[in-house]
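All the letters of the sequence shown, read from the start, carry residue numbers 1 to 163 under full-length UniProt numbering.
Note that beta-carbon positions come from the ideal geometry of N, C-alpha and C, so glycine has one too.
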Amino acid sequence: MRTKACTRPSPSKNATPAATADTGQPHIIRTGKHPATQLSPPDWRSTSVSTQKFTKFIKDSGGCLVSRNIIDGRGHIKWVRRERSANPVDTGWRILSDIDTDDFLNEPGNLIVASFNSIANLEPALIGIYNLPVGADLQLVVQDGRRRWHDNATGQDITDQLL
């Protein structure tokens with residue numbers, strides 16, 4: 001199954017994952033003009049992500065850059081790309097939403113460093129792509145309640161290869 005060609009926005013070059021340990025507890029670190037700080041539990045609950053029923057899928061999963069639209073619940077995970085790691089705890093994964101634009105992503109603070117496990121709690125389909133190599137460029141297609149991964153370079157559905 002091939003997907004219709006879509007334009008994927010590019011993550012801002014201004015955002016860099018901060019060195020964070022994957023403690024098994026959900027956490028997000030803000031990026032942008034303000035110094036990176038770990039959110040306290042009340043701030044965490046004010047986002048669309050909940051600390052309840054948090055599952056640690058991958059031991060020491062590391063961090064990834066995620067669109068604020070995903071964290072705030074305005075958009076859904078759509079585009080994922082693995083780049084070279086910026087530091088030892090950066091997985092290289094860049095996770096963008098279905099409503100992100102280049103202008104949005106170029107604004108400081110709209111890409112957030114988060115634990116890969118925290119984001120996998122929002123979308124468990126991410127677990128299957130965790131070990132893909134640098135250069136992986138995928139699109140999550142949700143159709144009839146099913147989640148499928150499509151390789152943007154080939155247009156091919158790779159979901160069965162991930163199982």
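With the rule of 3 Cβ pairs closer than 8 Å, the region 133-141 counts as touching the region 67-84. Gly73 sits away from Thr91, with the two beta carbons spaced by 8 Å or more.
Taking 8 Å as the cut-off, the beta carbon of Ala120 is found closer than this to the beta carbon of Ile127. Approximately 16 Å separates the beta-carbon atoms of Leu132 and Leu65; this is outside 8 Å, ruling out the contact. Between Asn106 and Leu96, the alpha-carbon positions lie close to 12 Å from each other.
In the three-state DSSP reduction, Ala136 falls in the coil class, being neither helix nor strand. Boundaries of the beta strand (DSSP E) harbouring Ile95: Asp90 to Ser97, taken from the DSSP string.
Sequence-distant partners of Ser67 (beyond 5 residues in either direction) whose C-beta falls short of 6 Å from its own C-beta, in its chain, are Leu96, Ser97 and Asp100.
With at least 16 other beta carbons inside 10 angstroms of its own, Arg82 counts as buried.
Exclusion of the five residues before and after Thr55 leaves Asn121 as the residues of its chain whose Cβ lies within less than 7 Å of its Cβ. Per the C-alpha coordinates, the member of Ile70, Arg147, Asn87 and Asn117 positioned closest to Lys53 is Asn117.
Bounds of the alpha helix (DSSP H) holding Ser118 are Phe116 to Leu122.
Counting every other CB atom within 10 Å of its CB across the protein chains shown gives Arg94 a total of 16 or more, marking it as buried.
Beta-bridge partners of Gln143 (DSSP): Arg146.
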